[in-house]
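A short write-up of the structure that comes next.
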Amino acid sequence: MTTLPALAGPVLSEAAPSAAEGVFNLLWLLIAFPLAGAAILLLVGRRGDGWGHILGTLTVLSSFIVATFLFVAEVGLSEESRAVQQTLYEFVAVGGYQVSVGLLLDPLSMAFVLLITGVGTLIHVYSMGYMEHDERRRRFFGYLNLFVAAMLLLVLADDYLILYVGWEGVGLASYLLIGFWQQKPSAATAAKKAFVVNRVGDLGMSLAIMVMFAAVGTSEILAVTGATERMDSSWLTAIGLLLLLAACGKSAQVPLQSWLLDAMEGPTPVSALIHAATMVTAGVYLVVRSGPIYQAAPAAATAVVVVGTVTLLFGAVIGTAKDDIKKALAASTMSQIGYMMLAAGLGPVGYVFAIFHLLAHGFFKANLFLGSGSVMHAMGDEVNMRVYGALRKIMPWTFVTFTVGYLAIIGVPPFSGFWSKDKIIEVAFDTSIAAGLAALLGAGITGFYMTRVMLMTWFGDKRWPAGAHPHESSPTIVGPLVALALLSLLGGAMELGFMPGGGIERWLEPATGYSETEHLLPTIAYPLITLAVVAVGVAWAWMVYGREPVPVTPPVGSPLTRAARADLYGDAFNEAVFMRPGQYLTRTLVYVDSRGIDGLVNGVAAGIGGLSTRGRRIQTGFVRSYALSMLGGAVIVIAALLLVRL
Amino acid sequence: MNASNYVVLSAVLFSIGAVGVLIRRNALVVFMCVELMLNASNLAFVTFARTTGTLDGQVTAFFVMVVAAAEVVVGLAIIMMIYRSRRSASVDDASLLKL
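Right under this line is the structure:
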């Protein structure tokens, strides 16, 4: 694939942000509510067990209400002046390095805030029912609130350093929540793995901030993105690649994708909120927010497109062979975020669609995950799809909402996924045929593996283990499912012009920039081709899984199937290339330290001890030998004096 | 008068005294050898005074004699104390000054 031409995007039409006034003074409350909730829930102790979950949900709900007020106020502003900034306090004031904590609300962050608080509230309501029998439920809500606060800080920050604080905060919350059932060794290991792989990405983030400071003198987002004309292109490429590394870590893109499937050890609401709708999309937010940097550094933008394309196929292939329903959905998430990164790497033509797909994906993926949680709850926390089957009559609500999510993700009109994914494929084709073909192939594979999940779970014969009695879930679980299903169905309406804000393209354009592309084929051709490829995928899945009963023990399968089951050897690669050499290096260093350096120090001490044992023998106690040594010394001194005289 | 004869005599006396300090076992004999060394150095001083024609050497000899006398007093007192407690005047027997 050739390097994309230097993208000459339009200058952002957003004016410099105005200071917060009126309703916008409440901006800090968005973060304060969940942060206070987290503090209270984690400090109150067992007294709060009775009401902790309610408080946790109310804080996020309050943030959502404030967010809607802010949205209404922002729609009322004129299009160019929708950016509002509120500075809170000085963070670092050291000579030439000044950083203040400030919040920037513009159309891009507003969209994210609504997604985080809205879907977050629904997931909190779901968790009230799902985690009902867990005695550490209060801590769970505390960690969830901490996550929401950190994620809001991430998207609202006006400075890359403050964004990094939120970045680390979500990483911490993810670690705490994946390892929530800390008595399970697999969960604790998965949490550690997620944190360590994220750390590699965080390295990219901190180096990028350092480079920014060296090149521009500040890490404020608008200052850095406004200074791209003055910067040397090598600086810009460096920043772009380092930010891409950070995004890969947080969004589980190749090469830092290995943690996402293991992260499914956490409770299902965690998988829905963090590893589907919000945290893993932080990488896409970072790339879109740093848009002007990527536009000025075509090499970095090409890298983003390559990463996105590779990951969308990688995740799709892995998803075809996973029998664990949550891992299949996680692989699907990896693939869909690949689509978003692909669109984000294409420049202003793709930013809007990346965010559009991000929002739609937040709806339908959260829907799918929560639905799978409902199924797991009904089947006694069993995740293996090979022992599901014929659940659609028993759990009708979950079935219908899950089907809505399924149709959205494979991109059937009029569901939301169709509008967003189709546009990405269109834009990909217009810029590079290879990327377009990869995106199309990914859509086909998505159709295959999602149909596989549907057929194995809801249709076919009952393959339940002995003692299973599945039943429909309680209203606190089904309610959010219905809400998210409606959003998955109607979310495509975001594109329509009569929506508040004027449709997603007009809404985001001041913040990210937007330009149209020349289409090779007539516009109607793209959705038809995509739907045809998806139909092929669906039909193939039906032929493999729909006609005959699904075997309970997984068949051996082709080499590709076995590779996909082993996560396309991602873990094996990491182990061979990083872990084992790292272990050898550590062992060698420990050996050098204990034998070499300690040996040297101990050897010096032993040597001196030995010398002193020998030297001790001079002290005989005999006066005559002392007299002899005195005579000898005197002779030597006189000889030395005579020599000097000479 | 040949000054070198006297200096050679002084050297010979000094060497005999030094060897005596190292070899003899009786503390009193060791002391006598120390006195011999001091007297040898006195002879050398006086010889050189005579050679240069000044009196510095003879004055120094007086100093040496005074020091020798004082040292003998102290040293004999110590030897007497050791003899009283150990019933022996051999220097080899006072060998506790070691590790």
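Listed in order, the protein sequences are those of chains A and B. When we follow the numbering used here, the leftmost residue of the first sequence carries the number 1, and every step to the right adds one. When we follow the numbering used here, the leftmost residue of the second sequence carries the number 1001, and every step to the right adds one. Think of the CB as a built atom: it goes at the ideal place given N, C-alpha and C, for glycine as much as any other residue.
- Sequence-distant partners of Trp259 (chain A) (beyond 5 residues in either direction) whose C-beta falls short of 6 Å from its own C-beta, in its chain, are Lys193, Ala194, Val197.
- The beta carbon of Arg645 (chain A) sits no closer than 8 Å to any beta carbon of chain B.
- In this structure, the alpha-carbon of Thr225 (chain A) lies about 13 Å from that of Phe213 (chain A).
- Within chain B, Asp1092, Ser1095 have C-beta atoms less than 7 Å from the C-beta of Phe622 (chain A), given in sequence order.
- Less than 8 Å separates the beta-carbon of Val349 (chain A) from that of Val427 (chain A).
- In this structure, Ser372 (chain A) keeps its C-beta atom at 8 Å or more from the C-beta atom of Leu481 (chain A).
- Within the same chain, Cβ atoms closer than 6 Å to the Cβ of Thr281 (chain A) are found at Leu358, the five residues on either side in sequence being excluded.
- In the displayed model, Asn384 (chain A) falls within a strand according to three-state DSSP.
- Counting the other Cβ atoms within 10 Å of the Cβ of Ser18 (chain A) gives fewer than 16, which makes it exposed.
- Taken through DSSP and simplified to helix, strand or coil, Val375 (chain A) comes out as helix.
- Between Ala149 (chain A) and Ile31 (chain A) a beta carbon distance of about 5 Å is seen, short of the 8 Å cut, so the two are scored as contacting.
- Taken through DSSP and simplified to helix, strand or coil, Thr87 (chain A) comes out as strand.
- Three or more beta-carbon pairs drawn from the segment 459-468 of chain A and the segment 388-407 of chain A are found closer than 8 Å, and the two stretches are therefore classed as touching.
- Between the segment 80-98 of chain A and the segment 240-247 of chain A there are fewer than three inter-stretch CB-CB distances shorter than 8 Å, so the stretches are not counted as touching.
- Residues of the segment 1013-1026 of chain B whose Cβ lies closer than 7 Å to any Cβ of chain A, in chain order: Ala1018, Val1021, Leu1022.
- About 37 Å separates the beta carbons of Ile355 (chain A) and Ala576 (chain A), which is beyond the 8 Å limit, so they are not a contact pair.
- In the structure shown, Tyr1006 (chain B) adopts helical secondary structure according to DSSP, grouped into three states.
- The Cβ atoms of Gly308 (chain A) and Leu342 (chain A) lie closer than 8 Å to each other.
- Collapsing the DSSP output to three states places Ser1090 (chain B) in a strand.
- Under the DSSP assignment, Leu104 (chain A) falls in the beta strand (DSSP E) whose first and last residues are 97-105.
- Against chain B, the CB of Ala639 (chain A) has no partner CB under 8 Å away; the residue lies outside that interface.
- Between Pro185 (chain A) and Tyr175 (chain A), the alpha-carbon positions lie close to 14 Å from each other.
- Contacts between Leu628 (chain A) and chain B, judged by CB atoms closer than 8 Å, involve Leu1022 in chain order.
- In the three-state scheme derived from DSSP, where H, G and I count as helix and E and B as strand, Glu548 (chain A) is classed as coil.
- In terms of beta-carbon proximity, Leu631 (chain A) lines the interface with chain B, with at least one pair separated by less than 8 Å.
- Sequence-distant partners of Ile410 (chain A) (beyond 5 residues in either direction) whose C-beta falls short of 8 Å from its own C-beta, in its chain, are Gly417, Ala443, Thr446, Gly447, Met450, Thr451, Val534, Gly537, Val538.
- Taking a 10 Å sphere around the C-beta of Asp598 (chain A), we find fewer than 16 other C-beta atoms and assign the residue as exposed.
- Inclusion of Tyr339 (chain A) and Ala439 (chain A) in the CB contact set at 8 Å is warranted, their separation being smaller than that value.
- Looking from the CA of Gly22 (chain A), the closest CA among A:Gly76, A:Gly52, A:Phe33 belongs to A:Gly76.
- In the structure shown, Glu220 (chain A) adopts extended strand secondary structure according to DSSP, grouped into three states.
- For a Cβ distance threshold of 9 Å, nothing in chain B lies close to Gln583 (chain A): the least Cβ distance comes to about 51 Å.
- When the alpha-carbon of Ala331 (chain A) is set against those of A:Val604, A:Lys365, A:Gly502, the nearest one is in A:Lys365.
- The C-beta separation of Ile209 (chain A) from Tyr160 (chain A) comes to about 5 Å, placing the pair in contact by the 8 Å criterion.
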